[in-house]
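Numbering (this note's numbering), first residue to last: 1 to 467.
Here a beta-carbon is modelled for each residue, glycine too, at the ideal position from N, C-alpha and C.
First the structure, in the form of structure tokens, and then the observations on it.
Right, here's the structure in full:
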């Protein structure tokens, strides 16, 4: 077999692989691509062979690997197809070394778009199965008290009170800042009650206009107004179960007056109707503002407050649950690893310190969002979640431990101008990528630079393309 026949034979083998193969020299010039590479990237071999990687893709992976001699393993990347569909790729780039010098490189890429969709769907099914396992009666809930994570005394005190209250058919007011888990408590109360088999019906009072809110709560009779049909309201739908009124302080005062009548009479009359319908449900309401402030500013009528509040449960904000912050962070990491296919083993010491010092105005919901964002940024080859993976606002102006253990120093004073500039540029690009959901073109427009320039900066700053 001649050398040419041997090369043709190898190329035939590569053309039958299900992975995309690129071969290049140390300067980034493309020497060969197989048929799968043509299919994935919608390019023709004769159009790219001989061209430079940077010219075609705007990247410098070949030069990076050649200069460092270190491979790039299992990097996730994505790009938008001409038709608008997103393509997700997992690829590795390896150097070809001879006598200690990099002579060239080759990359192996796999289209994981379908796998990503399958993983997302499996996760959705797992969540549905979990809900059915915990609440086989399909009562409209997703949570029980065991789903509320935390070991801090203020939280455990609130849970114990909620568990006791759940046994009685009394109305409950849940107070807590945004993101503390008020609906989880409401659903926990329902699922710990004697009427757990009845419906749990929830509505956000601040998200519905007053005229629509009235018809949703009380129901309508056919012809009550133009286009009105005969429908039962949420009081009827809840039956003997629970009606959850979230953001009760956002309900207009005039609507609160109508609600007061229902609570006093324990009957409801549909809009346009004449018949009084008995109501049997428990009312659980919630507010995210201080209740004394809501009463003094007349956001909640005092008469309806006392009707709704046989018992008040105060959920502590996350800043008062320091011992729960890292526990929750680890739980969210485990949850999102199953979705994004990452392998994070721990938080760095700096991240732990930042998390414990940050006030978390968005509470548990904000912490979950931060972890989800970090798990999108981190690459599959990284095993520790560090400062570069989390939003800068969490540690801006924070003082963190010096790496030499010399006490607390200002993070900015540890950096020279070049390092500080790179860090700022890196954070700016990552923030824009997050805002544009990984869309390279939109991010480049946001930064007012060319798309290829953005690719070069991302490679220089070691920013993964999948955000």
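If residue i and residue j are in contact, beta carbons under 8 Å, what's the gap, nearest whole angstrom?
i: residue 34; j: residue 14; result: 4 Å
i: residue 219; j: residue 139; result: Contact flag wrong, Cβ pair sits at about 21 Å.
i: residue 364; j: residue 328; result: 6 Å
i: residue 250; j: residue 205; result: 5 Å
i: residue 284; j: residue 244; result: 5 Å
i: residue 29; j: residue 52; result: 6 Å
i: residue 362; j: residue 178; result: 6 Å
i: residue 187; j: residue 141; result: 4 Å
Suppose you measure from the CA of residue i to the CA of residue j; what does that come to, to the nearest Å?
i: residue 286; j: residue 221; result: 29 Å
i: residue 307; j: residue 294; result: 15 Å
i: residue 486; j: residue 315; result: No answer is possible for residue 486: it lies beyond the span of the chain, which begins at 1 and ends at 467.
i: residue 384; j: residue 462; result: 16 Å
i: residue 404; j: residue 71; result: Reliability of the predicted coordinates at residue 404 is poor, the pLDDT of 37 falling under 50, and the value obtained from them is presented with this limitation in mind. Their backbone Cα atoms lie some 30 Å apart in a straight line.
i: residue 457; j: residue 431; result: 14 Å
i: residue 529; j: residue 76; result: Only positions 1 to 467 of the chain appear in the structure, and residue 529 is not among them; the question remains open.
i: residue 464; j: residue 105; result: 20 Å
i: residue 325; j: residue 56; result: 45 Å
i: residue 339; j: residue 376; result: 10 Å
i: residue 19; j: residue 447; result: 34 Å
i: residue 36; j: residue 107; result: 12 Å
i: residue 176; j: residue 292; result: 13 Å
i: residue 24; j: residue 366; result: 44 Å
i: residue 392; j: residue 452; result: 25 Å
i: residue 63; j: residue 43; result: 22 Å
i: residue 5; j: residue 50; result: 21 Å
i: residue 48; j: residue 212; result: 60 Å
i: residue 420; j: residue 38; result: 40 Å
i: residue 262; j: residue 248; result: 15 Å
i: residue 98; j: residue 330; result: 44 Å
i: residue 190; j: residue 379; result: 41 Å
i: residue 195; j: residue 426; result: 54 Å
i: residue 301; j: residue 257; result: 8 Å
Among the options, whose alpha-carbon lies nearest the alpha-carbon of residue i?
i: residue 253; options: 288, 214 and 224; result: 214
i: residue 374; options: 349, 337 and 62; result: 337
i: residue 352; options: 372, 335 and 322; result: 322
i: residue 259; options: 76, 210, 419 and 310; result: 210
i: residue 202; options: 273, 216 and 229; result: 216
i: residue 109; options: 88, 98 and 100; result: 88
i: residue 276; options: 427, 233 and 318; result: 233
i: residue 299; options: 310, 266 and 255; result: 255
i: residue 173; options: 100, 21 and 309; result: 309
i: residue 350; options: 380, 390 and 343; result: 390
i: residue 246; options: 181, 296 and 301; result: 181
i: residue 381; options: 396, 345, 355 and 395; result: 345
i: residue 112; options: 74, 419 and 248; result: 74
i: residue 395; options: 449, 357, 426 and 460; result: 357
i: residue 460; options: 297, 449, 305 and 422; result: 422
Please classify residue i as buried or exposed, where buried requires at least 16 other C-beta atoms within 10 Å of its C-beta.
i: residue 41; result: buried
i: residue 170; result: exposed
i: residue 412; result: The predicted model places residue 412 with a pLDDT of 41, which falls under 50 and marks its position as unreliable; any figure quoted below should be read in that light. Burial call: exposed.
i: residue 7; result: exposed
i: residue 16; result: exposed
i: residue 320; result: exposed
i: residue 69; result: exposed
i: residue 359; result: exposed
i: residue 264; result: exposed
i: residue 388; result: buried
i: residue 303; result: exposed
i: residue 3; result: exposed
i: residue 334; result: exposed
i: residue 242; result: buried
i: residue 354; result: buried
i: residue 150; result: buried
i: residue 207; result: exposed
i: residue 54; result: buried
Tell me which residues share the same chain as residue i and place their Cβ nearer than 8 Å to its Cβ, disregarding the 5 neighbours each side in the sequence.
i: residue 192; result: 144, 145, 162, 163, 166 and 167
i: residue 102; result: 26, 65, 66, 67, 69, 95 and 96
i: residue 158; result: 185, 313, 314, 315 and 316
i: residue 424; result: none
i: residue 442; result: 436
i: residue 271; result: 214, 215, 218, 219, 220, 221, 224, 225 and 228
i: residue 11; result: 32 and 34
i: residue 239; result: 198, 199, 280 and 281
i: residue 148; result: 155, 159, 181, 184, 185 and 188
Might you give, ordered along the chain, the residues of its own chain that have their beta carbon closer than 7 Å to the beta carbon of residue i, omitting 5 neighbours on each side?
i: residue 155; result: 316, 321 and 324
Within its chain, find whatever has a CB closer than 6 Å to the CB of residue i; leave out the 5 residues flanking it on each side and keep chain order.
i: residue 347; result: 385
i: residue 288; result: 177 and 178
i: residue 1; result: none
i: residue 266; result: 279
Closest Cβ-Cβ distance between residue i and chain D: below 7 Å?
i: residue 385; result: Reference to chain D is not applicable here, since this structure consists of a single protein chain.
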